[in-house]
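First the structure, in the form of structure tokens, and then the observations on it.
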Amino acid sequence: MLFSQTAHVPLIKAVALDVDKTITEAGTISPPVLKALRKLEKGGIAVILSSGNALPVLTGLKKYVGLSGAVIAENGGIVYYKGRIVKIGNREKALAAKRLVVEKLADYVEESWQNPYRYSDFAFKAKVDIETAARKVRELVCSRMKEMRVYSSGVAIHVGEKSVNKGVGLKKACGLMGLSFSEVVAVGDSEVDESMFKVAGASIAVANAVPRLKALADVVTSCREAEGFIEAANYILRRRYTHRL
Numbered sequence: 036m037l038f039s040q041t042a043h044v045p046l047i048k049a050v051a052l053d054v055d056k057t058i059t060e061a062g063t064i065s066p067p068v069l070k071a072l073r074k075l076e077k078g079g080i081a082v083i084l085s086s087g088n089a090l091p092v093l094t095g096l097k098k099y100v101g102l103s104g105a106v107i108a109e110n111g112g113i114v115y116y117k118g119r120i121v122k123i124g125n126r127e128k129a130l131a132a133k134r135l136v137v138e139k140l141a142d143y144v145e146e147s148w149q150n151p152y153r154y155s156d157f158a159f160k161a162k163v164d165i166e167t168a169a170r171k172v173r174e175l176v177c178s179r180m181k182e183m184r185v186y187s188s189g190v191a192i193h194v195g196e197k198s199v200n201k202g203v204g205l206k207k208a209c210g211l212m213g214l215s216f217s218e219v220v221a222v223g224d225s226e227v228d229e230s231m232f233k234v235a236g237a238s239i240a241v242a243n244a245v246p247r248l249k250a251l252a253d254v255v256t257s258c259r260e261a262e263g264f265i266e267a268a269n270y271i272l273r274r275r276y277t278h279r280l
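Take any residue in the sequence shown, note its place counting from 1, add 35, and you have its number in the numbering used here.
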């Protein structure tokens with residue numbers, strides 16, 4: 036571990052995981068990551084996937100890996116657990132923002148292939164530098180729709196309501212699973228994960244995380260991306276019964 040601030044937590048019952056650049060490397064999930072995910076589950080720790088990805092992508096991953104936790108999709112816009120789907124946010128407002136971006140910024144972004152399967156958080160791929168594209172989308176959407184927010188995950192540019200985030204989704208997931216927030220450890224890498232870190236009982240940032248997230252984290256791994264997650268998973272399993280992270 037790069038550093039660790041002692042966090043007092045009850046018995047760890049779940050881990051809320053970001054996906055892209057947290058458990059992936061170059062956009063893929065490696066066999067060692069699959070092993071680490073299953074090791075958490077075998078150790079009695081439910082894995083909650085929390086991502087900007089669409090619900091079908093995440094539920095497919097959950098099913099075939101064999102994960103028992105809830106799914107938080109669209110950065111908190113949809114939560115799924117044991118056949119129940121909870122939709123959060125205003126779809127019509129999100130659709131209006133999406134149409135605005137498509138109409139005005141075709142030179143900077145293109146729609147994600149996932150958008151037809153999304154509910155209230157729409158994603159775009161950058162045609163230029165992603166930060167430049169994100170700035171253009173933010174200037175357009177936020178100047179016309181004050182209730183909306185725009186941010187970059189480092190992989191895609193997301194447009195959705197300010198009131199919807201991973202923290203809201205994690206609260207709903209905990210309710211569905213019968214968990215207290217303090218029983219969950221959050222793991223992530225980007226600004227999108229900040230709200231989740233603030234809700235969870237403890238948090239781990241992988242080494243490639245943005246500075247703001249590292250400042251919030253109780254633990255920062257020494258390894259990046261997928262290797263950082265494997266490091267975090269082993270750390271969680273070792274500390275599970277100590278009530279300290």
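Glycine included, every Cβ here is placed at the ideal spot set by N, Cα and C.
Distance between beta carbons of residue j and residue i, contact taken as under 8 Å
{"i": "Tyr154", "j": "Gly112", "result": "6 Å"}
{"i": "Gly104", "j": "Ala89", "result": "Contact flag wrong, Cβ pair sits at about 18 Å."}
Bridge partner(s) assigned by DSSP for residue i
{"i": "Phe232", "result": "Phe232 pairs with nothing; no bridge assigned."}
{"i": "Arg119", "result": "Tyr116"}
{"i": "Ala129", "result": "Its beta-bridge partners do not exist; DSSP assigns none."}
{"i": "Ser7", "result": "The requested residue 7 does not occur in the structure, where the chain is confined to residues 36 to 280."}
{"i": "Thr63", "result": "Glu60"}
{"i": "Gly195", "result": "Asp156, Arg184"}
{"i": "Ile80", "result": "Its beta-bridge partners do not exist; DSSP assigns none."}
{"i": "Val222", "result": "Leu52, Ile239"}
{"i": "Val144", "result": "Ala161"}
Beta-carbon spacing of residue i, residue j below 9 Å
{"i": "Asn110", "j": "Asn200", "result": "yes"}
{"i": "Gly263", "j": "Glu229", "result": "no"}
{"i": "Ala131", "j": "Glu196", "result": "no"}
{"i": "Val54", "j": "Ser86", "result": "yes"}
{"i": "Leu205", "j": "Glu226", "result": "no"}
{"i": "Ile271", "j": "Asp253", "result": "no"}
{"i": "Gly357", "j": "Lys98", "result": "Residue 357 is absent from the structure shown; the chain starts at 36 and stops at 280."}
{"i": "Ala208", "j": "Ile83", "result": "yes"}
Contacts around residue i, its chain only, beta-carbon distance under 8 Å, and the 5 residues preceding and following it disregarded
{"i": "Lys162", "result": "Asp142, Tyr143, Val144, Glu145, Ala168"}
{"i": "Lys139", "result": "Leu175"}
Chain-order list of residues whose beta-carbon lies under 7 Å from that of residue i (same chain, five-residue window excluded)
{"i": "Ala261", "result": "Ile58, Thr59, Glu60, Ser65, Val68"}
{"i": "Phe38", "result": "Confidence in Phe38 is poor, its pLDDT being 49 and thus under 50, which makes the residue's placement too unreliable to answer from."}
{"i": "Lys160", "result": "Val144, Glu145, Ser147, Ala191"}
Original post:
Does the stretch 255-271 touch the stretch 212-226, meaning 3 or more C-beta pairs lie closer than 8 Å?
Top reply: yes
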